[in-house]
Amino acid sequence: MAGARMANGSADAQELRDIDASVPHSARIWNYWLGGKDNFAADREAGDEFLTVYPGQRDKARAVRHFLARAVRYLVDEAGVRQFLDVGTGLPTADNTHEVAQRLAPESRIVYVDNDPLVLAHARILLTSSPEGVTNYIDADLHDPARILAEAGTTLDLTKPVALLLIGVLGHVADVDEARSILRRLLAGLPPGSFLVQCDGTDTDLDYVAALEQYRDSGGVPYNVRAHEEIESFYDGLEVVEPGVVQITRWRAEPNAFGEAADVSELGGVARKA
Numbered sequence: 027m028a029g030a031r032m033a034n035g036s037a038d039a040q041e042l043r044d045i046d047a048s049v050p051h052s053a054r055i056w057n058y059w060l061g062g063k064d065n066f067a068a069d070r071e072a073g074d075e076f077l078t079v080y081p082g083q084r085d086k087a088r089a090v091r092h093f094l095a096r097a098v099r100y101l102v103d104e105a106g107v108r109q110f111l112d113v114g115t116g117l118p119t120a121d122n123t124h125e126v127a128q129r130l131a132p133e134s135r136i137v138y139v140d141n142d143p144l145v146l147a148h149a150r151i152l153l154t155s156s157p158e159g160v161t162n163y164i165d166a167d168l169h170d171p172a173r174i175l176a177e178a179g180t181t182l183d184l185t186k187p188v189a190l191l192l193i194g195v196l197g198h199v200a201d202v203d204e205a206r207s208i209l210r211r212l213l214a215g216l217p218p219g220s221f222l223v224q225c226d227g228t229d230t231d232l233d234y235v236a237a238l239e240q241y242r243d244s245g246g247v248p249y250n251v252r253a254h255e256e257i258e259s260f261y262d263g264l265e266v267v268e269p270g271v272v273q274i275t276r277w278r279a280e281p282n283a284f285g286e287a288a289d290v291s292e293l294g295g296v297a298r299k300a
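Shown next, in the form of structure tokens:
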């Protein structure tokens, strides 16, 4: 199948019109921090309140996006990966997974996974594939790896290497043992030679932790920061790519016009399944 799977555009547009714009939404807040336009006044207000407690959040959001792009470029250029399973994709912004991958290898196949109707409606309208490749979308929950793998297998060839992307997602699973279990079950369904790309927030910045607690108290979807060793444990049994599991701005950092990247309380890396 070439190109993206077509969705019912009118239904998706109606779904977007039915959204309650008065209630802030985490995906739209991230979109605001990244300079996107798919957000409302309530999202911008919540985002600004977060920034008053943790001013580095906008740098952090951009650092996560840049890490994703560098990791995908590595996987395409150096590891030869042509299939990507992006779980918990969030709202489309610039340099989405399929854009980075298909810019280098137009035949790349990407499956996005989310269970948020807002995210899925935006994705189906805004994300399109190159003619040579495929972009598809799955409505599934992170806690159901079997369903994710079964539906991804209709687009991806699960006998060939797949890059599993979990960008800022496992922090939404409160129990670290459960997060490890979900990750292991997803990786178990992928063949040897597949890769994990993962990052999550750490507990090293007290202002960041305080901002998350304030957001939790406001009714937002909780996000749980973790100690370095807990995040590093996600890579147990995998072949970790240099420079290892590190602060994401230090993962294969590249020169840029804005000077050295700011430190952020986010740990991540890339690893291969043997």
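Here the sequence shown is numbered in the numbering used here, starting from 27 and rising by one per residue.
Glycine included, each C-beta is placed from N, C-alpha and C at the ideal position.
DSSP three-state label for G179, please.
Within the sequence shown, the letter at position 153 stands for residue 179. Looking at G179 - three-state DSSP - the assignment turns out to be coil, as it is neither helix nor strand.
Examine the Cβ distances between the region 154 to 170 and the region 131 to 140 and report whether three or more of them are shorter than 8 Å.
yes
Where does the unbroken beta strand (DSSP E) through A89 begin, and where does it stop?
Working through the sequence shown from its first residue, we reach residue 89 at position 63. No beta strand (DSSP E) holds A89; the alpha helix (DSSP H) holding it covers 83 to 103.
Member of R242, G227, L94 whose CA lies at the smallest distance from the CA of E75:
The sequence position of residue 75 within the sequence shown is 49, counting from 1. Among R242, G227, L94, the Cα nearest to that of E75 belongs to R242.
Please go through the same chain and pick out, in chain order, the residues whose beta-carbon is closer than 7 Å to the beta-carbon of L60, but skip the five residues on each side of it.
Counted from its first residue, the sequence shown places residue 60 at position 34. Same-chain partners within the cutoff: A87, R88, R91, T119.
Of the listed residues Q128, G116, L144, nearest to Y138 (C-alpha basis):
The residue you call residue 138 lines up with position 112 of the sequence shown. Among Q128, G116, L144, the Cα nearest to that of Y138 belongs to G116.
Supposed close pair Y58, A237 - CB separation, criterion 8 Å
Translated into the one-based positions of the sequence shown, residue 58 becomes position 32. Translated into the one-based positions of the sequence shown, residue 237 becomes position 211. The pair is not a contact, with the Cβ atoms about 15 Å apart (cut-off 8 Å).
Taking all protein chains shown into account, decide if R108 is buried (16 or more other Cβ within 10 angstroms of its Cβ) or exposed.
In the sequence shown, residue 108 corresponds to position 82, counting from 1. Taking all protein chains in view, the Cβ of R108 is crowded by 16 or more other Cβ atoms within 10 Å, so the residue is classified as buried.
Quick one: residues in its chain with C-beta nearer than 7 Å to the C-beta of G35, no 5 flanking neighbours on either side, listed in chain order?
One-based indexing of the sequence shown puts residue 35 at position 9. Here G35 scores only 49 on pLDDT, less than 50, and its place in the model is too uncertain to base an answer on.
Using three-state DSSP, classify A300 as helix, strand or coil.
In the sequence shown, counting from the first residue as 1, residue 300 sits at position 274. DSSP places A300 in coil when its eight states are reduced to three.
By Cβ distance below 6 Å, which residues in the same chain neighbour R298 in space, the five residues on each side in sequence not counted?
Against the sequence shown, residue 298 aligns to sequence position 272. Counting only Cβ-Cβ distances below 6 Å, and skipping sequence neighbours, we find F221, E265.
Straight-line gap, G295 to I274 (C-alpha atoms, nearest Å):
Indexing the sequence shown from 1 puts residue 295 at position 269. Indexing the sequence shown from 1 puts residue 274 at position 248. Those two C-alpha atoms are separated by around 7 Å.
Taking DSSP as the reference, what is the three-state secondary structure of A189?
Translated into the one-based positions of the sequence shown, residue 189 becomes position 163. Collapsing the DSSP output to three states places A189 in a strand.
Could you check the C-alpha separation between A105 and S244 for me, to the nearest Å?
Locating residue 105 in the sequence shown gives position 79, counting from the first residue. Locating residue 244 in the sequence shown gives position 218, counting from the first residue. Approximately 43 Å, taken between the alpha carbons.
So, using beta-carbon positions, are P171 and G215 closer together than 8 Å?
Numbered from 1 along the sequence shown, position 145 holds the residue referred to as residue 171. Numbered from 1 along the sequence shown, position 189 holds the residue referred to as residue 215. In this structure, G215 lies closer than 8 Å to P171 by Cβ.
If you follow the beta strand (DSSP E) that G227 is part of, which residue opens it and which one closes it?
In the sequence shown, counting from the first residue as 1, residue 227 sits at position 201. Segment 221 to 227, the beta strand (DSSP E) holding G227.
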